[in-house]
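In the working numbering, the protein residues as written are 101 to 626. Ideal Cβ positions, reconstructed from N, Cα and C, are used throughout, including at glycine. What follows is one structure encoded as structure tokens, with my remarks underneath.
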Amino acid sequence: MTHSNQPSAPEDTDYRDAVVAHRDGRWDQAIAGYQHVLARDRGHLPTLNNLAALLMDLGRIDEATAYYQQGLNLHPQTAELHANYGNLLRQKGSLADAARHYELALAQSPGLSEVRYALGVLLRRLKRPKDARRELEQCAAERKSDPRSYVALAMLALDDNDPNEAFDIAGKAIACDPDDPEALNIFGVTHKELGRYSEARAAFDAALMRAPDHAEAHYNRGIIRLLKGELSHAWDDYEWRWQGAGRQMPGADLGKPVWRAQSLDGRRLIIVSEQGFGDTIQCIRYAPRLKEMGANVVLQCRPELAALMNDAPGVDAIITPDDPMPDFDYFVPILSLPDRFRAELGSIPASGRYLNPPRRDTLTKLPGDGLAIGLVWAGSSTHSNDANRSLELSALATVTDQANMRFYSLQMGAARDQLVNLDEPHRIADLTDQINDFGDTANILTGMDLVITVDTAVAHLAGALGRPAWVLLPHVPDWRWMLDRSDTPWYQSLKLFRQPTRGDWQTPLGAIKEALQKLASSHVNG
């Protein structure tokens with residue numbers, strides 16, 4: 101809250117009384133007092149600023165906006181008004197406008213380091229990394245003992261896929277304050293991105309010792325535990341993923357309670373999809389368990405999954421986010437189902453086939469001789485880890501240069517365009533014109549002998565269908581693939597090929613080429 105507790109003039113008792121009421125938490129009296137001052141002097145700057153700040157704190161955003169705008173119309177050169185209005189705009193989600201008012205505040209008063217820090221953080225969110233770095237580096241130079249600027253700079257380095265630089269910067273944050281939870285958390289994140297999981301875990305533990313309710317540290321520790329296969333201890337931490345600032349559990353706005361352990365007998369439960377397509381495919385395996393508990397199970401998922409999920413065991417109905425919400429008793433985010441059933445390595449249900457392709461005319465038997473192999477080399481470009489999990493199609497040249505094999509592209513999105521740049525484009529047939537949703541992909545997979553894919557929803561789909569797939573994984577994988585193993589308890593039909601070091605696709609691709617040669621030999625001999 102930003103307000104002055106000093107009257108603008110000794111005789112202004114109305115303003116002084118309003119400030120005292122504001123300070124004491126007597127909000128209605130403070131508002132009435134400020135408004136009385138403005139009735140006499142509509143341009144009284146401290147009153148305009150204080151009243152707008154109070155209304156903002158009370159969630160009366162439209163009224164606060166009106167007073168800030170009134171103040172800026174009358175006092176356009178006032179840095180404090182620009183800064184506070186920037187805070188309001190940021191809270192409303194008007195990030196570009198917020199940044200503009202922060203910049204106007206700094207133009208009037210360059211020494212407002214707190215505003216400069218807020219601007220740097222905001223510019224990162226606006227995908228303006230160079231501008232963000234400039235502001236944060238200046239802020240760090242001005243506030244040498246404050247770790248926050250270094251924490252934000254480390255995040256920028258991670259955005260730039262440079263964990264080594266991020267680690268060095270995070271070390272500066274720790275040097276500023278070894279007990280700062282934010283510094284410890286980002287220090288742990290940089291260790292994790294470098295594959296130093298024990299050190300990461302120690303940093304997250306230290307952050308939580310100092311701030312037991314630190315949502316990001318809980319979530320990050322949960323990821324480390326999941327990677328290490330410590331599932332029984334991981335789920336409680338993983339459930340903190342919706343507790344961070346600016347985050348909301350999917351389904352929390354539906355007006356009904358989240359399902360934790362309540363009886364489901366005769367109750368309707370909405371499973372709300374979250375994150376990516378693969379997450380829904382992975383965790384819908386728990387629907388039969390819910391059905392056994394007496395629930396009527398409704399899955400809310402994106403339209404691309406609807407046909408595939410329509411006959412999923414345990415699912416009574418499918419709705420999409422655009423459909424009317426039926427009456428229901430509870431909801432649960434789909435990635436919370438492993439937590440609700442306290443999944444452990446030996447108790448994951450349905451690790452074999454648990455989904456079936458929908459009946460349709462999509463090609464399921466591919467003509468010709470030799471092994472039919474599907475290829476997916478890139479995930480969604482909007483994924484936070486896409487730079488590490490995806491590769492260029494050209495990197496697969498040694499894999500696709502095999503006799504007695506037919507290769508087919510299942511690659512969707514912008515990466516599909518890489519097919520036109522191949523030296524021998526005829527080596528890979530593009531099937532994506534037959535794919536409109538995951539139901540089509542599922543039907544095509546049934547005609548494949550094998551799928552070679554990076555970590556995308558197609559890997560989950562192949563596993564859920566019980567179809568063989570070889571999955572290329574980055575050095576620091578997603579949590580569900582764990583560490584140092586070539587199989588996964590989530591899917592019996594998948595084999596994992598891992599980068600031994602960051603960025604090294606040559607090694608796993610070499611292993612895949614060798615495995616393909618053995619597979620082709622056994623196919624011919626068979």
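Given this structure, state the Cα-to-Cα distance separating residue 295 from residue 289, to the nearest angstrom. Translated into positions along the sequence shown, residue 295 becomes position 195. Translated into positions along the sequence shown, residue 289 becomes position 189. Taking the Cα positions, residue 295 is about 10 angstroms away from residue 289.
Rounded to the nearest angstrom, how far is the Cβ of residue 133 from that of residue 114, given a contact under 8 angstroms? Numbered from 1 along the sequence shown, position 33 holds the residue referred to as residue 133. Numbered from 1 along the sequence shown, position 14 holds the residue referred to as residue 114. Sure, about 6 angstroms apart at Cβ, within 8 angstroms.
Taking only runs that begin and end inside the stretch 468 to 505, name each unbroken alpha helix (DSSP H) of 4 or more residues, in chain order. The qualifying runs are 486 to 489 and 497 to 500.
Would you identify the three-state DSSP class for residue 267, choosing helix, strand or coil? The sequence position of residue 267 within the sequence shown is 167, counting from 1. It is helical.
Cα separation between residue 306 and residue 435? Start at 1 with the first residue of the sequence shown, and residue 306 comes out as number 206. Start at 1 with the first residue of the sequence shown, and residue 435 comes out as number 335. A straight-line Cα-Cα distance of about 27 angstroms links residue 306 and residue 435.
Bridge partners of residue 400, per DSSP? To locate residue 400, count along the sequence shown from 1; it is residue 300. Answer is 372 and 419.
Relative to the C-alpha of residue 171, which candidate in 160, 423, 279 and 152 has its C-alpha closest? Along the sequence shown, read from residue 1 onward, the residue named residue 171 stands at position 71. When each option's Cα is compared against that of residue 171, the closest is 152.
Quick check on this structure: which residue in 575, 574 and 545 has the alpha carbon closest to the alpha carbon of residue 561? Working through the sequence shown from its first residue, we reach residue 561 at position 461. Comparing alpha carbon positions, the residue from 575, 574 and 545 closest to residue 561 is 545.
Find out if the Cβ-Cβ distance for the pair residue 226, residue 256 is shorter than 8 angstroms. In the sequence shown, the residue the question calls residue 226 occupies position 126. In the sequence shown, the residue the question calls residue 256 occupies position 156. For residue 226 and residue 256, no; Cβs fall outside 8 angstroms.
Quick one: give me the first and last residue of the beta strand (DSSP E) that residue 433 is part of. Against the sequence shown, residue 433 aligns to sequence position 333. For residue 433, the enclosing beta strand (DSSP E) covers residues 430 to 433.
Beta carbon of residue 475, beta carbon of residue 511: below 8 angstroms? Taking the sequence shown and counting its residues from 1, one reaches residue 475 at position 375. Taking the sequence shown and counting its residues from 1, one reaches residue 511 at position 411. Yes, these two residues count as a Cβ contact at 8 angstroms.
Candidates 575, 437, 520 and 618: which alpha carbon is nearest residue 388's? Here residue 388 refers to the residue found at position 288 when the sequence shown is read from its first residue. The shortest Cα separation from residue 388 among 575, 437, 520 and 618 belongs to 437.
With 16 other CB atoms within 10 Å as the buried threshold, where does residue 493 fall? Within the sequence shown, residue 493 is the residue found at index 393, counting from 1. Its Cβ being crowded by 16 or more others within 10 Å, residue 493 is buried.
Where do the ends of the alpha helix (DSSP H) carrying residue 292 lie? Counting from one through the sequence shown, the residue named residue 292 turns up at place 192. 281 to 293 is the span of the alpha helix (DSSP H), which, as asked, contains residue 292.
Opening and closing residue of the beta strand (DSSP E) in which residue 551 lies: Working through the sequence shown from its first residue, we reach residue 551 at position 451. 550 to 554 is the span of the beta strand (DSSP E), which, as asked, contains residue 551.
Quick test of your reading: residue 155 and residue 163, contact by CB under 8 angstroms. State the CB separation rounded to the nearest angstrom. Stepping through the sequence shown from its first residue, residue 155 is reached at position 55. Stepping through the sequence shown from its first residue, residue 163 is reached at position 63. Indeed, because the Cβ distance is near 5 angstroms, the residues count as touching under 8 angstroms.
Which whole runs of the alpha helix (DSSP H) in the stretch 191 to 244 are 4 residues long or more, in chain order? Within the stretch 191 to 244, the complete alpha helix (DSSP H) runs of at least 4 residues are 195 to 208, 213 to 225 and 229 to 242.
For residue 318, tell me which candidate among 340, 302, 299 and 298 has the shortest Cα-Cα distance. Translated into positions along the sequence shown, residue 318 becomes position 218. When 340, 302, 299 and 298 are compared, the shortest CA-CA separation from residue 318 is found for 340.
Taking the Cβ atom as the reference point for each residue, do residue 575 and residue 599 lie within a distance shorter than 8 angstroms? Position 475 of the sequence shown, counted from the first residue, corresponds to residue 575. Position 499 of the sequence shown, counted from the first residue, corresponds to residue 599. Yes, they are a contact pair.
Of the choices 136, 304 and 472, whose alpha-carbon is the least far from that of residue 547? Reading the sequence shown from its first residue, position 447 is the one you call residue 547. Ranking 136, 304 and 472 by CA distance to the CA of residue 547 puts 472 first.
Boundaries (first-last residue) of the alpha helix (DSSP H) holding residue 544: Here residue 544 refers to the residue found at position 444 when the sequence shown is read from its first residue. Membership of residue 544 in the alpha helix (DSSP H) is indicated by the continuous run 538 to 546.
Quick one, which of 182, 358, 374 and 453 has its alpha-carbon nearest residue 367's? Here residue 367 refers to the residue found at position 267 when the sequence shown is read from its first residue. With distances taken between Cα atoms, residue 367 lies closest to 358.
Apart from the five residues on each side of it in sequence, which residues of its chain come closer than 6 angstroms, Cβ to Cβ, to residue 337? Within the sequence shown, residue 337 is the residue found at index 237, counting from 1. 318, 321 and 322.
Reducing DSSP to helix, strand and coil, say where residue 174 ends up. As a working mapping, residue 174 is identified with position 74 in the sequence shown. Taken through DSSP and simplified to helix, strand or coil, residue 174 comes out as helix.
Simplified DSSP assignment, three categories, for residue 445: The count along the sequence shown starts at 1 and reaches residue 445 at position 345. Here residue 445 sits in coil by DSSP.
Look up residue 601 in the DSSP assignment and say whether it is helix, strand or coil. In the sequence shown, counting from the first residue as 1, residue 601 sits at position 501. Reduced to three states, the DSSP call for residue 601 is coil.
Do residue 203 and residue 188 come within 8 angstroms of each other at the CB atom, strictly closer than that value? Here residue 188 refers to the residue found at position 88 of the sequence shown. Here residue 203 refers to the residue found at position 103 of the sequence shown. Not in contact: residue 188 and residue 203 (Cβ atoms no closer than 8 angstroms).
From residue 413 to residue 450, what distance separates their C-alpha atoms? Residue numbering aside, residue 413 sits at position 313 when the sequence shown is read from its first letter. Residue numbering aside, residue 450 sits at position 350 when the sequence shown is read from its first letter. Taking the straight line joining both Cα atoms gives about 11 angstroms.
Proximal residues to residue 444 (C-beta, below 6 angstroms), its chain only, five neighbours per side dropped: Start at 1 with the first residue of the sequence shown, and residue 444 comes out as number 344. When the five nearest sequence neighbours on each side are left out, the beta carbons in the same chain lying within less than 6 angstroms of the beta carbon of residue 444 are those of 331 and 332, in order along the chain.
Would you kindly report the start and end of the unbroken alpha helix (DSSP H) that includes residue 303? Counted from its first residue, the sequence shown places residue 303 at position 203. Start and end: 297 to 310.
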